[in-house]
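Anchor point for the sequence shown: position 34 equals 118 in the working numbering, and the numbering is continuous, going up by one each time. Just below is one structure, and these are the notes that go with it.
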Amino acid sequence: MTTEVEAAVAQAFRDEWGQVVATLIRITADWDLAEECAQDAFALALRSWAEDGIPRRPGAWLTTVARNRAVDRLRREAVGAAKLREVAAMSYEPEPEDGDGGVPDDRLRLMFTCCHPALALEARVALTLRTLAGLTTAEIARAFLVGEQTMSKRLLRAKLKIRHAGIPYRVPPAHLLPERVPAVLAVLYLLFSEGYSATAGADLLRPDLSAEAIRLARVLTRLMPDEPEAAGLLALMLLHDARRATRLDAAGDLVTLEEQDRGRWDTAAITEGEALLGRALRRGRPGPYQVQAAIAACHATATDASGTDWAQIAALYGQLARFTPSPVVELNRAVAVGMAAGPAAGLELVEALRESGALAGYHLLPATRADLLRRLGRVAEAEAAYREALRLATTDTERRYLGRRIAEVTGS
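Structure representation (structure tokens):
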């Protein structure tokens, strides 16, 4: 029974966390209180469901428990009677249909609600990932390549701004949705990325996250068929996800792109991704997700690793850098240049990034440098770089891969 309850609570977390938190935020206008009470409700579920059975409507049960916790906290803290009555009277009911902004999916509607334009884009995205997607502060920090303490402070500042400015937590009307699209796209992109290549833990893949991101991207493209970046993002996800089954071997170890069995790639996903990308590009409004999808298409459509058009990929990364200048984009361009023009050319770019300090602590920088050094025959330097990457890697899968690389270059 314990295993069954744990599985039910885990499923409820995936399905209901965002709705429970959003409901409490809407009523209490206190983001921290909402998260804390939701966490308490899920913790209680582990004990209560084992004794009393799994409820027929887990979301309603969790919302009721979380609401009661909020009432108790507000009562102890002597908050105004009007707010206390409002929370106490709250029942588990969905938003009225005329308040959904025309967004047909509960979770996507909550994301539009959370991505308020009064906040900076990065704050909107981080707060939505924390509040609705349930990612930890550490996971979000790694996605933004900042320290956990730095991200924690950013989230706190965003919450304080919402509180002090009286920013309402409600679904925007349909005509205001477009101004929130960039933030929603960024949320979906980072949610997919965490599922496709986890930033920490035992497992590299978290397919439940990537599948949910793809589902929500589909809803968004139907909601906004004229938004090319939405289609571009969905294309990008599908083209990457087409390779998911081949990224790990039977032992759970990483399989590099050039070593993957392309015959096992999902051709239906690739075909759909290509079609979506083509339709998006024909609108003549290119953007970063369309460019990234084009890069993914170069990989997905190559018949074998040697047939990959690395020169085109390097050029596309150059275009991407104009849309979203970032050291990670430059690192990826260096990889492509190293494949197209040789490892010495790629290493020159990597060394410039290394000297800038922009990617300090990012394990893929020394890992990329190590691979280029290995290809140049500079074995001792390659080993040192691989060991640096190993110290910085945050998933067991990547650590095992880097350990194998070290063994290869040292002959041990």
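All C-beta atoms in this analysis are idealised placements derived from N, C-alpha and C, irrespective of residue type, glycine included. Keep in mind it's a predicted model, so treat the numbers as computed, not measured.
- A contact between stretches requires three or more CB pairs, one per stretch, nearer than 8 Å, and the stretch 267-278 meets this requirement with the stretch 211-227.
- Between Met321 and Ala314, the gap from beta carbon to beta carbon reaches 8 Å or more.
- Here Leu338 carries a strand assignment [DSSP, helix/strand/coil].
- The C-beta of Arg226 has 16 or more other C-beta atoms within 10 Å across all chains shown, which makes the residue buried.
- Nearest to Gln376 by C-alpha distance, out of Leu317, Arg348, Gln344, is Leu317.
- Thr112 and Ala118 have their C-alpha atoms roughly 7 Å apart.
- By DSSP's assignment, Leu332 forms a beta bridge with Leu338.
- In the DSSP annotation of this structure, the continuous segment of the alpha helix (DSSP H) that includes Gly102 starts and ends at 86-112.
- Rounded to the nearest angstrom, the Cβ distance from Ala326 to Ile354 is 5 Å, consistent with a contact under 8 Å.
- In chain order, Thr481 place their CB closer than 7 Å to the CB of Gly336, counting only its own chain and leaving out the 5 sequence neighbours on each side.
- Residue state for Ser294 is assigned as helix, using DSSP reduced to three classes.
- Rounded to the nearest whole angstrom, the C-alpha separation of Leu476 and Arg453 is 14 Å.
- Annotated as proximal: Leu146 and Ala129, with beta-carbon spacing under 8 Å.
- Annotated three-state conformation of Tyr446 is coil, per DSSP.
- When the Cα atoms are used, Arg489 and Arg306 turn out to be separated by approximately 44 Å.
- Taking 8 Å as the cut-off, the beta carbon of Leu304 is found closer than this to the beta carbon of Leu192.
- For Gly426, no alpha helix (DSSP H) segment is defined, and its DSSP state is neither H nor E.
- Pairing Ala469 with Leu457 gives a Cβ-Cβ distance under 8 Å.
- As summarised for the stretch 204-233, the continuous alpha helix (DSSP H) elements at least 4 residues long and confined to that stretch are 205-215, 221-227, given in chain order.
- The alpha carbon of Ser390 has as its nearest neighbour, out of Gln344, Arg366, Leu365, the alpha carbon of Gln344.
- Bounds of the alpha helix (DSSP H) holding Ala267 are 265-280.
- The residues Ile490, Val493, Thr494, in chain order, have a CB closer than 7 Å to that of Glu467 in the same chain once the five nearest residues on each side in sequence are set aside.
- Distance from the CA atom of Leu361 to the CA atom of Ala319, rounded to whole angstroms, is 6 Å.
- Remark: C-beta atoms of Val271 and Val209 approach each other more closely than 8 Å.
- Excluding sequence positions up to five before and after Asp292, its CB lies within less than 8 Å of the CB of Arg98, Gly279, all in the same chain and listed in chain order.
- One thing to note: Leu433 has its Cβ within 8 Å of the Cβ of Glu414.
- Between Ala217 and Pro142, the C-beta gap is not smaller than 8 Å, which leaves the two residues out of contact.
- Excluding the 5 residues flanking it on each side, Arg331 has same chain C-beta neighbours closer than 8 Å at Leu288, Leu289, Leu338, Val339, Gln344, in chain order.
- With contacts defined as CB atoms closer than 8 Å, Ala242 and Ala267 fail to qualify as a contacting pair.
- When C-alpha distances from Ala204 are compared across Leu431, Tyr273, Glu120, Lys245, the shortest belongs to Lys245.
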